[in-house]
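Taking it in order: structure first as structure tokens, then the write-up.
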Amino acid sequence: MKKALRLLALLLCAVTLFSACGNDKPAEITTEALTETPTREPLTPISPEDIQMPENLCDIIDTVHIERVTETPTFTPNQSLPEDTDRAVIIPHFTVNDHMVLQRRAVNLIRGRTSDAHVAAQFCGGIYYGQVENGYFEIYLPPMEAQVQKDLVILTDTARLTLTDICVGDVYLLSGQSNMAWSMGWSEDIHKNDIANATEENIRVMRMNHTESEYERMDAEGDVAWMRISPEVAKTFSAIGYLFGKRLHQELEIPIGLVQAAVSGSAIAFWFPADTYQAYVRSGGVAYTSNSSGNLMPCLGYNGMIAPLLGMRFCGMLWYQGEANTSDSEHYFDQLSLLINTYRERFNAPLMSVTVVELPKATPDHAEKWAPVKAAQQRAAAELENVALSISIDLGYEVDVHPRDKTVYARRAAEITLHRFYGLEISPFPSVAAAERITETIVSLTLTGGDGFELRNGINGFQVSTDGEKWFAIEQADIDGNVLTLVAAEPFRYIRYGVIYYPTLLDFSKHVTVYNTDGNPLDQFILQVD
Numbered sequence: 013m014k015k016a017l018r019l020l021a022l023l024l025c026a027v028t029l030f031s032a033c034g035n036d037k038p039a040e041i042t043t044e045a046l047t048e049t050p051t052r053e054p055l056t057p058i059s060p061e062d063i064q065m066p067e068n069l070c071d072i073i074d075t076v077h078i079e080r081v082t083e084t085p086t087f088t089p090n091q092s093l094p095e096d097t098d099r100a101v102i103i104p105h106f107t108v109n110d111h112m113v114l115q116r117r118a119v120n121l122i123r124g125r126t127s128d129a130h131v132a133a134q135f136c137g138g139i140y141y142g143q144v145e146n147g148y149f150e151i152y153l154p155p156m157e158a159q160v161q162k163d164l165v166i167l168t169d170t171a172r173l174t175l176t177d178i179c180v181g182d183v184y185l186l187s188g189q190s191n192m193a194w195s196m197g198w199s200e201d202i203h204k205n206d207i208a209n210a211t212e213e214n215i216r217v218m219r220m221n222h223t224e225s226e227y228e229r230m231d232a233e234g235d236v237a238w239m240r241i242s243p244e245v246a247k248t249f250s251a252i253g254y255l256f257g258k259r260l261h262q263e264l265e266i267p268i269g270l271v272q273a274a275v276s277g278s279a280i281a282f283w284f285p286a287d288t289y290q291a292y293v294r295s296g297g298v299a300y301t302s303n304s305s306g307n308l309m310p311c312l313g314y315n316g317m318i319a320p321l322l323g324m325r326f327c328g329m330l331w332y333q334g335e336a337n338t339s340d341s342e343h344y345f346d347q348l349s350l351l352i353n354t355y356r357e358r359f360n361a362p363l364m365s366v367t368v369v370e371l372p373k374a375t376p377d378h379a380e381k382w383a384p385v386k387a388a389q390q391r392a393a394a395e396l397e398n399v400a401l402s403i404s405i406d407l408g409y410e411v412d413v414h415p416r417d418k419t420v421y422a423r424r425a426a427e428i429t430l431h432r433f434y435g436l437e438i439s440p441f442p443s444v445a446a447a448e449r450i451t452e453t454i455v456s457l458t459l460t461g462g463d464g465f466e467l468r469n470g471i472n473g474f475q476v477s478t479d480g481e482k483w484f485a486i487e488q489a490d491i492d493g494n495v496l497t498l499v500a501a502e503p504f505r506y507i508r509y510g511v512i513y514y515p516t517l518l519d520f521s522k523h524v525t526v527y528n529t530d531g532n533p534l535d536q537f538i539l540q541v542d
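As structure tokens, this is what we get:
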């Protein structure tokens, strides 16, 4: 799998970059509009030995559908045609409107409906010709570097439509359940300064309405459009999503587009396409029925909120979900892997990065239930290509599963994204590199990930076991350089860390003890020492 993805990446990198220059609500598109998704043809892999893989994903030039970009005229556009202000002739898809962000270094699709026979788009000094079939048009734009605040003009035989304030930058899909959907307005007392300062003119957002559908929709339900971020917009937008995008924008200094599609209480199967889910069940995967809210019904979220976005280009996805899958956590790794691979296929983005937000601490009832889901999230980051994990072991909210302050979650998610996929140097998180048995009751762990390590809370977080089922606390923990020594009162074979819940400690940072000198915690683990 890794070899195949590398070969595909080599193909993408071998192609020359096309460089280029530089709130009107769109008319509603009916449910019947654009009923067929753009054709997603597979690339033919090649293996040129002399081409080097770029160091960072952001350096890759994505050429999927490059063959559909054409500057060969199919008609003679009339620049003096009147503006189609009523959108009587040209009706763009809801994803194509003022303030939108196109994905840099990728082929972008401009689509919609028209009653004319020919169509073209003028953007950044070039004119690109599209096709019209059965009243639906598609125009493909070549890969471009980041741009800010440009006009895009759609031209047909009898009309022209000017879309303003268009940017080219990095576009992220924000999906999951309630902690992704949690808006800054729901924690206004905590995020009031973030709301007031949400004025970055080149951060653009689009929020999909909660839509459950029995079939794959190609349009959004309700008013959905790109918007510039503002205090009013930020108040209703994903808190972790906006703060994540803001950190990327500050570091990269390019436009950032954020598309929110998240539903409270949704299980991961809610976000599966129907054919993917059916194949999963046929192969022995768990089948779901419903719960009181209906959000466990498979595929309804994908059909209503993800399918309408197909045709867009995303460089990455931020995924914050898992709370609704703790009752069947043994399946979560397979399901998360399936979701990631399916989205990469459906969006024609085989190297799309995925940053998973690790479930944090919550109430005592959730401590052991959530540990297997977090282990599955760790495994996904370790085994899947271009998947990063944002660690949350020392975070949480003792009252319920919804931390009100999303600041640290967003910062960590942005920084691991910048580190893994953009090459930003950040302070690493500690991890266990090796374990060595000293005696039946003493084990040493070699740590990596930092210039120094410390124990802040004694032996908190550590438990050992002889059989992997009944756990008891250790007697002592000491650290010398990067070697952590654990001492127990009885012989043990298993060690786990980060699972135990201390009901008298409301500060979850005290539920664990190993930190590096930059203040980053060692994540949850379980291991066997022979």
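Sequential numbering from 13 applies to the sequence shown in the numbering used here.
Yeah, the Cβ is synthetic: ideal placement off N, Cα and C, and Gly gets one too.
Item: Backbone CA spacing between residue 236 and residue 212 [nearest angstrom]; Value: 20 Å
Item: Residue 485, buried or exposed, once every other Cβ within 10 Å from all chains shown has been counted against 16; Value: exposed
Item: Ordered list of alpha helix (DSSP H) runs contained in the stretch 369-417, each at least 4 residues; Value: 379-395
Item: Cβ-Cβ distance between residue 141 and residue 83 below 8 Å; Value: yes
Item: Segments of 4+ residues assigned as alpha helix (DSSP H) that fall wholly inside the stretch 116-200; Value: 190-193
Item: Alpha-carbon spacing of residue 507 relative to residue 523, whole angstroms; Value: 16 Å
Item: Residues bridged to residue 225 (per DSSP); Value: According to DSSP, which records beta bridges pairwise, residue 225 is partnered with nothing at all.
Item: Proximity to residue 2 [Cα-Cα], best of 363, 338 and 356; Value: Residue 2 lies beyond the residue range present for the chain, which begins at 13 and ends at 542; the question has no answer from this structure.
Item: Burial state of residue 254 (16 or more Cβ within 10 Å); Value: buried
Item: Neighbour flag for residue 453 against chain D, beta carbons, 8 Å; Value: In summary, chain D is missing from the structure at hand, where a single protein chain is found.
Item: Beta-carbon proximity list for residue 417, same chain, < 6 Å, skipping 5 on both sides; Value: 202
Item: Cβ separation of residue 71 and residue 128, assumed to be a contact under 8 Å, to the nearest whole Å; Value: Not quite, the Cβ-Cβ distance comes to about 39 Å (not below 8 Å), so this is no contact.
Item: Span separating the alpha-carbon of residue 175 from that of residue 164; Value: 5 Å
Item: Beta carbon of residue 374 nearer than 8 Å to that of residue 409; Value: yes
Item: Stretch-stretch touch, CB-based, cutoff 8 Å, three pairs: the stretch 339-359 with the stretch 276-287; Value: yes
Item: DSSP three-state assignment for residue 349, whether helix, strand or coil; Value: helix
Item: As assigned by DSSP and simplified to three states, the class of residue 483; Value: strand
Item: Candidates 251, 392, 391 and 386: closest to residue 404 by CA position; Value: 386
Item: Sequence-distant residues of its chain with Cβ nearer than 6 Å to residue 538 (five each side left out); Value: 508
Item: Residue interval of the beta strand (DSSP E) (run including residue 270); Value: 268-274
Item: For residue 324: DSSP bridge partner residues; Value: 322
Item: Same chain, Cβ closer than 7 Å to residue 225, neighbours up to 5 away in sequence not counted; Value: 312, 315 and 316
Item: Reduced DSSP category for residue 449 - H, G, I as helix; E, B as strand; rest coil; Value: strand
Item: CB contact flag (residue 345, residue 388, <8 Å); Value: yes
Item: Limits of the unbroken alpha helix (DSSP H) element including residue 87; Value: Residue 87 -> no alpha helix (DSSP H), and no H or E assigned at all.
Item: 8 Å contact criterion, which residue 81 and residue 148 should meet: CB distance rounded; Value: No, residue 81 and residue 148 are not in contact; Cβ-Cβ is about 18 Å, not under 8 Å.
Item: Residue 460 - containing beta strand (DSSP E), residue span; Value: 454-460
Item: Nearest to residue 415 (by Cα), restricted to the options 185, 192 and 268; Value: 192
Item: Nearest-angstrom Cα separation, counted from residue 123 out to residue 105; Value: 6 Å
Item: Option in 179, 90 and 525 with minimal Cα separation from residue 470; Value: 525
Item: Inter-residue Cα distance where the pair is residue 159 and residue 241; Value: 17 Å
Item: Three-pair Cβ contact test at 8 Å for the stretch 498-507 versus the stretch 449-460; Value: yes
Item: Terminal residues of the alpha helix (DSSP H) in which residue 428 lies; Value: 419-434
Item: Beta carbon of residue 69 nearer than 8 Å to that of residue 263; Value: no
Item: Member of 177, 493 and 232 whose CA lies at the smallest distance from the CA of residue 460; Value: 493
Item: Residues bridged to residue 533 [DSSP beta-bridge criterion]; Value: 527
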